[in-house]
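**Student:** One structure, pasted below without further comment.
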Amino acid sequence: VSGSMILAGILLKLGGYGLLRMFSLLQISGVKYNYWWISISLVGGVLISLVCLRQTDLKALIAYSSVAHMGIVLSGLLTMTYWGLTGSYALMIAHGLCSSGLFCLANISYERMGSRSLLINKGLLNFMPTLSLWWFLLCSG
Numbered sequence: 086v087s088g089s090m091i092l093a094g095i096l097l098k099l100g101g102y103g104l105l106r107m108f109s110l111l112q113i114s115g116v117k118y119n120y121w122w123i124s125i126s127l128v129g130g131v132l133i134s135l136v137c138l139r140q141t142d143l144k145a146l147i148a149y150s151s152v153a154h155m156g157i158v159l160s161g162l163l164t165m166t167y168w169g170l171t172g173s174y175a176l177m178i179a180h181g182l183c184s185s186g187l188f189c190l191a192n193i194s195y196e197r198m199g200s201r202s203l204l205i206n207k208g209l210l211n212f213m214p215t216l217s218l219w220w221f222l223l224c225s226g
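Under the working numbering, the first residue of the sequence shown is numbered 86, with each subsequent residue one higher.
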């Protein structure tokens, strides 16, 4: 679980930081090809979101949603506008905090219930009411 928290919280953001460092190179050659990369990242984000709709494993659901969020970050960075860069920064910071917390909550739920399946773990609101508040706060972030 700690590996998933580090991967989602820090290592995925290093890719975004690497793109920011390569921003000057993207400005030179990116005018022609950025629209292709933006469309590929958005289509990839939508397809991964559709995979999330069918996912029953809690940890895999959080991991797939992290990949979808990074597709949105990539498309925001490649717009090369002020709002695209600012939105990508904000999404990377929010995702780094929330995804690590969600992996931690998934581990706590797994330790108490014994399963990560969404089909088996029903009634968590009655079983762990304070943990449900944390689920709500981190999922809405």
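For each residue, glycine too, the CB sits at the ideal point set by N, CA and C.
Using CA atoms only, rank isn't needed, just tell me which of THR215, GLU196, LEU209 and ASN119 is closest to LEU162.
**Tutor:** Residue ASN119 is the option with its Cα nearest to LEU162.
**Student:** I need the DSSP call for SER173, collapsed to helix, strand or coil.
**Tutor:** Three-state DSSP puts SER173 in a helix.
**Student:** Who does SER202 pair with in a DSSP beta bridge?
**Tutor:** Paired residue(s): ASP142.
**Student:** By the three-class DSSP mapping on this structure, what secondary structure does MET213 have?
**Tutor:** MET213 falls in the coil class under three-state DSSP.
**Student:** Hey, which unbroken runs of the alpha helix (DSSP H) at 4 residues or more fall wholly within the segment 86-147?
**Tutor:** As far as the segment 86-147 is concerned, its whole alpha helix (DSSP H) runs of at least 4 residues are 87-91, 97-106 and 108-138.
**Student:** Give me, in chain order, the residues of the same chain whose beta-carbon lies closer than 7 Å to that of TRP220; leave out the 5 immediate sequence neighbours on both sides.
**Tutor:** So the qualifying residues of the chain are LEU190.
**Student:** Using a threshold of 9 Å, state whether the C-beta atoms of LEU216 and ILE193 are closer than that.
**Tutor:** Yes, Cβ-Cβ distance for LEU216 and ILE193 is below 9 Å.
**Student:** Would ILE157 and SER109 qualify as a contact pair, given that the criterion is a beta-carbon distance under 9 Å?
**Tutor:** Going by C-beta atoms, ILE157 is not nearer than 9 Å to SER109.
**Student:** Can you round the beta-carbon distance between CYS183 and GLY226 to whole angstroms, since I take them to be within the 8 Å contact cut?
**Tutor:** At roughly 4 Å, the Cβ-Cβ gap stays under 8 Å, so CYS183 and GLY226 are in contact.
**Student:** Leaving out the 5 sequence neighbours to the left and right, which residues in its chain are closer than 6 Å to LEU159 when beta-carbon positions are compared?
**Tutor:** The residues are SER126.
**Student:** Alpha carbon to alpha carbon, how far is ALA175 from ARG197? Give it in angstroms, no decimals.
**Tutor:** Those two C-alpha atoms are separated by around 33 Å.
**Student:** Can you look up SER225 in the DSSP assignment and give me helix, strand or coil?
**Tutor:** Coil, per DSSP.
**Student:** Give the single residue among PHE188, LEU138, ARG139 and TRP168 whose Cα lies nearest to the Cα of ALA148.
**Tutor:** Checked all of PHE188, LEU138, ARG139 and TRP168; the closest Cα to ALA148 is PHE188.
**Student:** May I ask you to report which of helix, strand or coil DSSP gives MET165?
**Tutor:** MET165 falls in the coil class under three-state DSSP.
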